[in-house]
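If you read the sequence shown in numbering that gives the first Met the number 0, its first letter stands for residue 0, the second for the next number, and so on.
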Amino acid sequence: MTTPNPAAPAARGSDRLARFWRGRTEDAPWARPAFLGLLAATGLLYLWNLSASGYANSFYSAAVQAGGESWKAFFFGSLDAANAITVDKPPAALWPMALSVRLFGLGSWQILVPEVLMGVASVGVLYAAVRRRFGAGAGLIAGLVLALTPVAALMFRFNNPDALLALLMTVAAYGVLRALEGGPGAVKWLMGAGVAFGFAFLAKTLQAFLILPPLALVYAVCAPGGLGRRIRDLALAGLALLVSAGWWVALVELWPASSRPYVGGSQNNSFLELTFGYNGLGRINGNETGSVGGGGGPGGGAGGGRWGETGIGRMFNDAVGGQISWLLPAALLLLVAGLVVTRRAPRTDTARSAFLVWGGALLITLAVFSFMAGIFHEYYTIALAPYVAALVGMGASVLWEERTRFAASAALAVTAAVTAWWAWTLLGRTPDWLPWLRWTVLVAGAVAALGLLVSGRVDRRLGLAAAGLGLAAGLAGPFAYTLATVDTGHQGSIVTAGPSGGPGPGGFGGRRAEGGQGDQMPGGFDGQGQGQGQGQSQGRMPGGTPPQGMPQGMPQGGFQGSRGERPGLGGGGGGGMGGLLNGANVGAEAKAALLKDAGSYTWVAATVGAQNAAGYQLATEKPVMAIGGFNGSDPSPALAQFKQYVAEGKVHYFIGSGEGNGGGPGGPGGNSEISTWVAATFEKATVGSATFYDLTKEK
Numbered sequence: 000m001t002t003p004n005p006a007a008p009a010a011r012g013s014d015r016l017a018r019f020w021r022g023r024t025e026d027a028p029w030a031r032p033a034f035l036g037l038l039a040a041t042g043l044l045y046l047w048n049l050s051a052s053g054y055a056n057s058f059y060s061a062a063v064q065a066g067g068e069s070w071k072a073f074f075f076g077s078l079d080a081a082n083a084i085t086v087d088k089p090p091a092a093l094w095p096m097a098l099s100v101r102l103f104g105l106g107s108w109q110i111l112v113p114e115v116l117m118g119v120a121s122v123g124v125l126y127a128a129v130r131r132r133f134g135a136g137a138g139l140i141a142g143l144v145l146a147l148t149p150v151a152a153l154m155f156r157f158n159n160p161d162a163l164l165a166l167l168m169t170v171a172a173y174g175v176l177r178a179l180e181g182g183p184g185a186v187k188w189l190m191g192a193g194v195a196f197g198f199a200f201l202a203k204t205l206q207a208f209l210i211l212p213p214l215a216l217v218y219a220v221c222a223p224g225g226l227g228r229r230i231r232d233l234a235l236a237g238l239a240l241l242v243s244a245g246w247w248v249a250l251v252e253l254w255p256a257s258s259r260p261y262v263g264g265s266q267n268n269s270f271l272e273l274t275f276g277y278n279g280l281g282r283i284n285g286n287e288t289g290s291v292g293g294g295g296g297p298g299g300g301a302g303g304g305r306w307g308e309t310g311i312g313r314m315f316n317d318a319v320g321g322q323i324s325w326l327l328p329a330a331l332l333l334l335v336a337g338l339v340v341t342r343r344a345p346r347t348d349t350a351r352s353a354f355l356v357w358g359g360a361l362l363i364t365l366a367v368f369s370f371m372a373g374i375f376h377e378y379y380t381i382a383l384a385p386y387v388a389a390l391v392g393m394g395a396s397v398l399w400e401e402r403t404r405f406a407a408s409a410a411l412a413v414t415a416a417v418t419a420w421w422a423w424t425l426l427g428r429t430p431d432w433l434p435w436l437r438w439t440v441l442v443a444g445a446v447a448a449l450g451l452l453v454s455g456r457v458d459r460r461l462g463l464a465a466a467g468l469g470l471a472a473g474l475a476g477p478f479a480y481t482l483a484t485v486d487t488g489h490q491g492s493i494v495t496a497g498p499s500g501g502p503g504p505g506g507f508g509g510r511r512a513e514g515g516q517g518d519q520m521p522g523g524f525d526g527q528g529q530g531q532g533q534g535q536s537q538g539r540m541p542g543g544t545p546p547q548g549m550p551q552g553m554p555q556g557g558f559q560g561s562r563g564e565r566p567g568l569g570g571g572g573g574g575g576m577g578g579l580l581n582g583a584n585v586g587a588e589a590k591a592a593l594l595k596d597a598g599s600y601t602w603v604a605a606t607v608g609a610q611n612a613a614g615y616q617l618a619t620e621k622p623v624m625a626i627g628g629f630n631g632s633d634p635s636p637a638l639a640q641f642k643q644y645v646a647e648g649k650v651h652y653f654i655g656s657g658e659g660n661g662g663g664p665g666g667p668g669g670n671s672e673i674s675t676w677v678a679a680t681f682e683k684a685t686v687g688s689a690t691f692y693d694l695t696k697e698k
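Next comes the structure, spelled out in structure tokens:
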């Protein structure tokens with residue numbers, strides 16, 4: 000385990016293609032077919048019942064629709080093709096989906112298939128990274144663990160930025176590992192990792208840099224060559240990162256504000272403010288001006304905050320545990336085991352470096368997620384999935400090779416036993432769902448642990464049988480959760496994996512379309528966008544406790560993720576909280592009214608909150624102005640600017656959005672002023688179940 004595999008010789012053209020199909024000479028004959036089978040199975044699994052989610056998160060789907068219509072909206076990540084305001088993230092994660100919509104039209108599959116392809120690519124890159132040093136068996140285990148992680152199955156079928164982030168973080172780790180092998184191409188691989196970090200920043204800002212410190216430190220300490228050369232290589236990689244992330248940031252900051260959309264999520268129309276405030280340090284300390292529930296500092300006292308309990312147990316609690324933690328104890332145990340096995344290796348040993356790279360990435364991300372006081376949602380934990388999977392594959396491989404030593408076989412046995420016990424615990428949180436599986440996993444894990452304990456002193460086939468049983472026991476729980484996830488549609492801003500009715504929030508405001516009713520979802524493959532899913536709420540928790548990922552003090556019970564009449568300027572908004580959590584349900588009458596003379600207006604309508612606007616925009620494929628951005632708290636547009644738009648005949652209707660969009664009927668500050676001015680100035684009419692104000696007809 001202390002001698003790296005020799006770098007493969009350079010290959011060009013047909014030779015390189017032939018070697019791809021043949022596999023490397025050190026691989027067993029079954030390795031290539033098994034790898035291709037893993038990729039195919041992952042793709043089929045993630046494509047299953049895909050249209051059941053419809054437009055998934057309509058907030059991002061509206062921006063994708065806009066980017067498919069306007070290259071300017073594509074570049075900035077605007078919520079509408081008329082470029083009123085952007086999403087509250089940089090746009091890189093939107094670009095693949097927008098290109099798909101531009102090529103194939105608007106629809107659920109056109110939006111979500113690129114996410115599925117990112118999932119398949121992540122499995123492939125992880126396999127390549129682990130296989131290169133630890134063999135095809137370890138790579139297959141790592142890829143399988145990643146594919147069957149419930150939160151990965153959720154987010155690689157959903158249109159939030161986390162899918163691209165997970166892929167690029169895996170690519171970055173792979174680039175660093177290749178650079179650690181040394182050789183003339185090492186600096187190119189390290190610069191490639193820098194480019195991956197840069198584009199990951201353009202997907203989800205500073206979260207992309209969480210694993211940057213440990214990876215840079217590992218390279219500085221463990222890479223071949225002198226210290227000066229290592230520092231030079233890191234400087235070049237940093238330059239590659241700066242260029243790949245900074246070109247877009249520089250253009251946005253230098254672009255005249257009057258001719259670009261408002262930067263959503265910021266309070267001063269600045270992407271840098273968004274990066275270091277709401278999407279940066281605010282996520283750590285909880286001081287998130289412009290976030291859901293306001294911009295106050297962290298609350299909740301010791302061990303807790305407005306966004307749920309913090310602390311080392313957060314990744315294992317009722318809300319998060321079933322998403323990611325099935326093999327997290329195993330990954331931590333195998334990380335320790337791998338470092339122990341390689342403790343006497345030379346400084347440049349690539350096996351130990353691999354444990355340090357993946358282990359450092361896991362530990363720092365785990366620590367930040369566990370203790371961050373700002374916005375935290377369960378699906379963020381997809382970032383941990385590649386690191387957990389890599390450590391499980393590598394650690395199992397190392398201990399298997401060392402199994403003739405009692406310490407190694409004992410470590411394998413303990414890992415199998417702990418994994419089975421933890422799966423038994425997690426499955427016990429859904430006692431009415433597959434109750435037989437819980438005890439089956441526990442018994443199988445115990446038998447496997449006994450077999451692994453003696454695996455170094457029995458026939459190899461018996462040892463392999465014990466290892467296979469242990470792997471099956473460890474993956475049975477997450478596999479069942481993953482099947483429940485792909486068999487169910489997910490909609491809204493906050494979604495979770497696993498069976499319906501499980502512990503935790505189950506997706507507060509993130510509707511699940513039970514039974515795979517894809518024909519009732521908006522935007523099937525034909526791109527027509529008709530109908531709405533018959534989703535159910537999963538947002539309530541016993542005892543009146545706010546769901547994980549929603550701030551303490553939020554009203555309970557009424558936010559059910561389905562449309563209903565609300566006081567204020569009228570009903571017709573989207574999901575709970577006045578459309579904050581899901582898009583508006585748009586009836587035929589409302590759609591017809593918006594499309595009438597639509598070509599005469601820049602925006603067919605305006606409404607408070609991006610989710611409300613998204614529902615109408617996706618139904619009509621016409622620009623709808625999202626006043627106040629995501630949750631109606633952004634100061635855009637100002638009342639004077641909105642009055643000017645109306646005077647110039649650029650906006651046809653104002654759609655009443657009801658209460659809940661950040662403090663009052665229509666949102667705080669200028670947005671409330673806009674709502675009040677509209678209600679006092681223009682005639683209103685009920686269109687279907689919504690209240691429309693015709694901005695061309697004053698009272």
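Cβ coordinates follow ideal geometry from the N, Cα and C atoms, glycine included.
Starting from residue i, trace the beta strand (DSSP E) in both directions and tell me its first and last residue.
i, result
"Phe480", "Reading off the sequence, residue 480 comes out as Tyr, not Phe. Not the beta strand (DSSP E): Tyr480 falls in the alpha helix (DSSP H), residues 459 to 485."
"Trp602", "602 to 607"
"Ile654", "650 to 654"
"Leu694", "689 to 697"
"Lys683", "681 to 686"
Between the alpha carbons of residue i and residue j, how many angstroms are there, rounded?
i, j, result
"Gln640", "Ala479", "53 Å"
"Leu355", "Ser77", "40 Å"
"Glu54", "Ser107", "Checking the sequence, you will find Tyr at residue 54 rather than Glu. Near 5 Å, if we compare the C-alpha coordinates of Ser107 and Tyr54."
"Ala236", "Ala360", "18 Å"
"Met549", "Gly123", "Reliability fails at Met549, whose pLDDT of 42 lies under 50, so the model's placement of it is uncertain and the value that follows must be treated cautiously. C-alpha separation (whole angstroms): 35 Å."
"Thr364", "Ile381", "11 Å"
"Glu682", "Ala199", "47 Å"
"Val119", "Leu143", "11 Å"
"Ser671", "Lys642", "14 Å"
"Thr601", "Pro622", "7 Å"
"Asp79", "Ala612", "9 Å"
"Arg702", "Gly310", "Since the first residue of the chain shown is 0 and the last is 698, residue 702 is not available in this structure."
"Leu241", "Leu201", "11 Å"
"Leu226", "Tyr173", "22 Å"
"Glu68", "Asp26", "47 Å"
"Val677", "Val251", "32 Å"
Measure the beta-carbon distance from residue i to residue j and round it to whole angstroms, keeping in mind my assumption that it falls under 8 Å.
i, j, result
"Ala239", "Val194", "5 Å"
"Met117", "Leu166", "5 Å"
"Ala141", "Leu125", "5 Å"
"Tyr378", "Thr481", "Not quite, the Cβ-Cβ distance comes to about 14 Å (not below 8 Å), so this is no contact."
"Ala388", "Leu145", "4 Å"
"Asn268", "Ala256", "6 Å"
Do residue j and residue i count as a contact pair if the criterion is CB distance below 8 Å?
i, j, result
"Phe629", "Gly263", "yes"
"Thr484", "Ser499", "no"
"Leu49", "Leu111", "yes"
"Phe73", "Ala97", "yes"
"Leu189", "Asp232", "yes"
"Val115", "Leu46", "yes"
"Pro90", "Pro113", "no"
"Phe133", "Gly392", "yes"
"Thr85", "Tyr261", "yes"
"Ser408", "Leu451", "yes"
"Ser60", "Leu594", "no"
"Ala336", "Leu383", "no"
"Ala412", "Gly473", "no"
Would you give the residue range spanned by the alpha helix (DSSP H) that residue i belongs to?
i, result
"Asp232", "226 to 253"
"Thr41", "30 to 46"
"Phe75", "70 to 75"
"Lys187", "185 to 203"
"Thr364", "349 to 370"
"Ile110", "107 to 133"
The ligand ATP and residue i: does the residue's C-beta get closer than 7 Å to at least one heavy atom of that ligand?
i, result
"Ala329", "This structure simply doesn't include the ligand ATP, nor any ligand for that matter."
Legend entry - Stretch pair the region 173 to 188 + the region 243 to 263: three plus CB contacts closer than 8 Å: Verdict: no, contact absent.
Legend entry - Stretch-stretch touch, CB-based, cutoff 8 Å, three pairs: the region 424 to 434 with the region 315 to 326: The answer is yes - the region 315 to 326 touches the region 424 to 434, with three or more Cβ pairs under 8 Å.
Inset, instruction - Could you tell me whether the region 363 to 373 touches the region 148 to 157, where touching means 3 or more Cβ pairs closer than 8 Å? - result: Segments in contact, no.
Inset, instruction - Say whether the region 410 to 421 touches the region 325 to 335, bearing in mind that this needs 3 or more beta-carbon pairs closer than 8 Å, one atom from each stretch. - result: Contact holds: three or more Cβ-Cβ distances are below 8 Å.
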